[in-house]
Amino acid sequence: MRIKNLLHFTENHRYCVYREFGIGALDERMLSLVYQPLTGAFAISVYRLLCEHVEAQQVGYSPIEQQRRLFLTLGLEPGEHGRKFLVEQTSLLEAVGLLQTNRVYFPDQDDYIYEYELQQPLSPSEFFRTQHLTLLLRDKMGKFAVLSLRERFLAKEPDGWGDNTVQKENISQPFYDIFELNTHVIDYELEQALTEVSAQQRSSQPKLSEDDLINYADIIRYFPRGSRNRIYVEKLRFLPEQMNVLSYIAYKYRLDIQDICRMLDEDGVFDAKGELAEEEIQRRANLQFRQGKKRQEERQIHEAKVISLREEKKEESQDLPVEYAVEMEYYLEVPRQFTSKCDIHQYNTILRNEPYTRVLEMFYPGSVPNSVNDIFEHVDINYKLSEEVVNVLIHYLLAIKMSQPGERLSSKFVDWVVTNMLNQQVDTYEKAVRYVREQNKLDLKISDQAKLQAKGGATGGNKRTNTRTYNRSANAKPEIPIVKSAREGSSIVSDEEIAEAMRLAEQMQSGQDRVQKTNS
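Every number in this note's numbering is 377 more than the matching position in the sequence shown, counting from 1.
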């Protein structure tokens, strides 16, 4: 119990006890034989007295009373000495996990009420699995006494039960194989009553260690006095649940006191009632976390550049690095542009031993483009991939993927590939080669399927010279029959046809002459 001023913890203050378990025979034995050597007999007596405040057949809260009852029952002097002694005894119970003390503030009454929340003693197996409690018990009793005490609590299994040849099968029946619920009727009254009973249950907020909890005094010390949110921040002193929310958000997004104070000073983090807007402050904390992560990555890149420049100056005085050999089963094919410069053994040795900057210079005859250099610099520094894995990645991207028509190198695609490699735990040269081969087979399979689909869509369609099909799977338009011109027939004319045509022409000419004579 953290009490800085004993005037805040007196016999006149009120208290209540909360217990949600029952004390059984095994728990009593654990208290007497295990916990009592750790805390002392008086602290265990305080624990038993608090347990009796709630009836044995019930769980929940005890009536609110003055702490004078505790002092008189325990035989303590209601003064400074008695208060200090009671604080020490409850602190021992809190340290071993038997008690949690809360101070509840009521603004209407301007008064505190102390809540003693009892915790159930650990079972023997759980206790001896808890390292710090076992070591403390060893310091109090000795090693052999602890081992003997552990044997007294654990009953041995039958002979031959732990043999490896013994097979254990669960033949228990599940609930819905035995019972059937009436789901056609919805009892709202029962649900409301159960909800009211469960409202007394404790909060499910994740518990943090004392080092991760944010203290109100630290917030109010750094928070600006002239802020319009100052009045809301001062109310957090009496709102432990909202302080726990702030502590959890700070722990989740790695925020310090200055970051929390900066966010609490912004508009929109408190609602109209003056309560903390959890979703809004969590959104801003997430945004600040991502911005800080991006700045940290940029800082790491710049620091790595400085370190690399310093290491280059020391390389002359250092010994030559060890050259690792590559097994033949993990050889990668030499790209076409390097076939005249090196063989397959030399190429794979370069990928295995050279830094990725030298490998990039091989693929670009001039200077490496800044965009490409930035992509692999980000992969090397921020993703922490080894040099040989980055080199295999360069081979896969520049020698295989970029050699295909229509492909281009983008940072998003590289991030996707690197993320997939990290998920598959690709951290060595051999694993990287296997990953590249699997991806290459997958790419070939996908391209073959695309070709078959394109070929199937073109069959039976209108076979025009225009090849811009855009891989449409829809059927082409059917062919429409067109009437052919008579001129498309045979171009050879016989003599009889010529004579007949001349005769028809003469008749037409003679008929026109007769018409002209009659008109005249």
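Yeah, the Cβ is synthetic: ideal placement off N, Cα and C, and Gly gets one too.
Small disclaimer: the values here were computed from a predicted structure and weren't measured.
For G459 and M640, what's the separation of their Cα atoms in angstroms? 43 angstroms
Three-state secondary structure assigned by DSSP to R849: The predicted position of R849 is uncertain, since its pLDDT is 46 and thus under 50; no value can be drawn from it.
Any alpha helix (DSSP H) of 4 or more consecutive residues that is wholly inside the region 453-521: 457-472, 501-506, 508-518
Inter-residue spacing [alpha-carbon to alpha-carbon] between M739 and M798: 24 angstroms
Please classify S624: is it buried, with 16 or more other beta-carbons within 10 angstroms of its beta-carbon, or exposed? When all chains shown are included, S624 counts as buried.
Under a three-way DSSP split, which group does C719 fall into? Correct three-state label for C719: coil.
Could you say which of K545, Q659, R735 lies nearest to L632 if we only look at CA atoms? Q659
Under 8 angstroms by Cβ, that's how I've got L470 and Y424 pegged, so tell me the actual separation to the nearest angstrom. Beta-carbon to beta-carbon, L470 and Y424 are separated by about 6 angstroms, close enough to satisfy the 8 angstroms threshold.
If Y708 sits next to I727, beta carbons under 8 angstroms apart, how far is it from one beta carbon to the other, in whole angstroms? Not quite, the Cβ-Cβ distance comes to about 12 angstroms (not below 8 angstroms), so this is no contact.
List the DSSP bridge partners of R984. Nothing in the structure corresponds to residue 984, since the chain is present only between 378 and 897.
If I758 and Q677 are in contact, beta carbons under 8 angstroms, what's the gap, nearest whole angstrom? So it is a contact: roughly 5 angstroms between Cβ atoms.
Name the DSSP bridge partner or partners of Q443? R391
What does the alpha-carbon distance come out to for the pair G474 and L526? Their backbone Cα atoms lie some 20 angstroms apart in a straight line.
Residue closest to N768, alpha-carbon to alpha-carbon, out of M779, Y724, F790, L383: By alpha-carbon distance to N768, the top candidate from M779, Y724, F790, L383 is Y724.
Excluding the 5 residues flanking C428 on each side, which residues of the same chain have their C-beta closer than 7 angstroms to its C-beta? R396, I400, L495
Just verifying my parser: in three-state terms, what is the DSSP assignment at L531? coil
Spatial distance of D487 from V481 (CA atoms): Taken atom to atom, the span from the alpha-carbon of D487 to that of V481 is near 11 angstroms.
Got a sec? Which residues, its chain only, sit under 7 angstroms from S807 by beta carbon, not counting five neighbours each side? Here residue 807 is Glu; the residue named in the question, Ser, does not match the sequence. Closer than 7 angstroms at Cβ, skipping near neighbours: Y707.
In this structure, what does DSSP give as the bridge partners for L653? F647
For the ligand SAM, is there a heavy atom less than 7 angstroms away from the beta-carbon of L770? The ligand SAM is not part of this structure, which contains no ligands at all.
K381 versus Q497: straight-line alpha-carbon distance, rounded: 28 angstroms
My guess is that N606 and D642 are in contact by the Cβ rule of under 8 angstroms, so how many angstroms apart are they, rounded? 6 angstroms
Per DSSP, what are the beta-bridge partners of G437 in this structure? R396
Which residues bound the alpha helix (DSSP H) around E738? 733-740
May I ask which residues mark the beginning and end of the alpha helix (DSSP H) holding P551? It is not in any alpha helix (DSSP H) - P551 carries neither H nor E in the DSSP assignment.
Let me know the secondary structure DSSP gives N750 once reduced to three states. Of the three classes helix, strand and coil, the one that applies to N750 here is helix, per DSSP.
What is the DSSP secondary structure of E761, reduced to helix, strand or coil? The sequence given here places Lys at residue 761; Glu does not occur at that position. Correct three-state label for K761: coil.
From F715, R661, A809, pick the residue whose C-alpha is nearest to that of V703; which is it? A809
Cα separation between P742 and W793? 27 angstroms
Once you ignore the five residues that flank M378 on each side, which residues in its own chain have a CB closer than 7 angstroms to its CB? V464, T467, S468, E471, T478
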